[in-house]
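There are 2 protein chains.
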Amino acid sequence: MTNTAELPENPTELLICTKCRRGRDDPGDDRWPGQVLFDAMRRLPVPHAIRVTPVECLQNCDHGCTIALRGGARWTYVFANCDELNDPEMILDGALRYHATADGLIPWRERPEHFKRNCVARLPPLEN
Amino acid sequence: MTNTAELPENPTELLICTKCRRGRDDPGDDRWPGQVLFDAMRRLPVPHAIRVTPVECLQNCDHGCTIALRGGARWTYVFANCDELNDPEMILDGALRYHATADGLIPWRERPEHFKRNCVARLPPLEN
């Protein structure tokens, strides 16, 4: 990580859609896959500088589970088709790599394969 | 429009991906469809409070043309499958309705049909 990424004014937020059904008609263990994913992320050692935020619907309902990364001067990225059981560690790894950048652009060769193939959209940082 | 939406601290930004190819292999009139869309939006009477911003790739490449609306305390919305020739007025209408809200949530019955069916993702406003 760079020193830039450690500055308080450039925190990272990991948004997780807790309503994602991932094609299911019923929530299985009483939690929708999106909620299962959020709960799993909360059990991982996420650094304090990365805030994990539950969101009730990121409106990418046909391709959940859906997450987003944003923060500070970085581009915002939305990623689809995350698996609530298999992908939490990959998401944490990607979030750490994202947080380590000043602009949100993880170098392509360092980007998790899932991020390469499942980017739904990205948005430029807000101009100050 | 509400008074809230007119406050300078709650401006709206309309982002337009100028690289969208919308399935084309060549740009036609030397401009990609995304650029044609951006140029068309610039010719419309967009109010000063709505900034039209060109972006080189919103990374929704398979479903362009792609636009996004964000600003102030509003949710951010990304919309896909816009037609550069037929949709500029619809986009302006939607942007005006979005700008008139404090939170970005256009009432469903007032929402352009295209917005209803082509939302790629939405993101909550940043917490202050």
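So the sequences go chain by chain: A and B.
Under the numbering used here, the first sequence has 88 at position 88, and the numbering climbs by one with no breaks.
Under the numbering used here, the second sequence has 1011 at position 11, and the numbering climbs by one with no breaks.
Heads up, the beta-carbon is just placed ideally off N, CA and C, and yes, glycines get one too.
{"Query": "Could you check which residue in A1049(B), P1088(B), D1062(B) and Q1059(B) has the C-alpha nearest to that of R1070(B)?", "Result": "A1049(B)"}
{"Query": "Determine the chain A residues that contact R1122(B) at a beta-carbon separation under 7 Å, and present them in chain order.", "Result": "L58 and Q59"}
{"Query": "Is the beta carbon of E1056(B) sitting closer than 8 Å to the one on K1116(B)?", "Result": "no"}
{"Query": "What is the rounded straight-line gap between the Cα of G1023(B) and the Cα of E1084(B)?", "Result": "13 Å"}
{"Query": "Here's the rule: buried if 16 or more other CB atoms are within 10 angstroms of the residue's CB, otherwise exposed. What is R1074(B)?", "Result": "buried"}
{"Query": "Which residues in chain A have a C-beta closer than 8 Å to the C-beta of L1015(B)? List them in chain order.", "Result": "L123 and P124"}
{"Query": "Would T1066(B) count as contacting chain A if we go by Cβ distances under 8 Å?", "Result": "yes"}
{"Query": "Locate the beta strand (DSSP E) running through A1121(B), then write down its first and last residues.", "Result": "C1119 to L1123"}
{"Query": "Determine the DSSP secondary structure at E1054(B), reduced to helix, strand or coil.", "Result": "The residue you asked about is not Glu; residue 1054(B) is Pro in the sequence shown. P1054(B): strand per DSSP, three-state reduction."}
{"Query": "Quick one: is C1119(B) near chain A, going by C-beta distance under 8 Å?", "Result": "yes"}
{"Query": "Within this structure, are the beta carbons of P1011(B) and R1021(B) separated by less than 8 Å?", "Result": "no"}
{"Query": "On the three-state DSSP scale, how would you describe R1022(B)?", "Result": "coil"}
{"Query": "When you compare the CB positions of G1090(B) and H1063(B), do they come within less than 8 Å of one another, or not?", "Result": "It should be noted that the sequence gives Met, not Gly, for residue 1090(B). No, Cβ-Cβ distance for M1090(B) and H1063(B) is not below 8 Å."}
{"Query": "Along the beta strand (DSSP E) that carries E1127(B), what are the first and last residues, could you check?", "Result": "Neither: E1127(B) is in no beta strand (DSSP E) and is coded neither H nor E."}
{"Query": "Secondary structure at V78(A), three-state DSSP: helix, strand or coil?", "Result": "strand"}
{"Query": "Can you name the start and end residues of the beta strand (DSSP E) that R1043(B) belongs to?", "Result": "Run containing R1043(B): none in the beta strand (DSSP E); it sits in the alpha helix (DSSP H), P1033 to R1043."}
{"Query": "Should I1106(B) be counted as a contact of the ligand FMN given a C-beta to heavy atom distance under 7 Å?", "Result": "Among the ligands in the structure shown, none appear at all, so the ligand FMN cannot be discussed."}
{"Query": "Per DSSP, what kind of secondary structure is R70(A) in: helix, strand or coil?", "Result": "strand"}
{"Query": "Looking only at its chain, what residues have a beta carbon closer than 8 Å to the beta carbon of D29(A), apart from the 5 residues adjacent to it on each side?", "Result": "V36"}
{"Query": "Taking the straight line between their C-alpha atoms, what separation do you get for P1054(B) and R42(A)?", "Result": "37 Å"}
{"Query": "Among residues of its own chain, excluding the 5 on either side of L1058(B), which ones have a beta-carbon nearer than 6 Å to its beta-carbon?", "Result": "C1017 and T1066"}
{"Query": "To the nearest angstrom, how far is the alpha carbon of I100(A) from that of C1061(B)?", "Result": "Going by the sequence as given, residue 100(A) is Ala instead of Ile. In a straight line, the C-alpha of A100(A) is about 26 Å away from that of C1061(B)."}
{"Query": "Using the Cα positions of A40(A) and C82(A), report the straight-line distance between them to the nearest angstrom.", "Result": "12 Å"}
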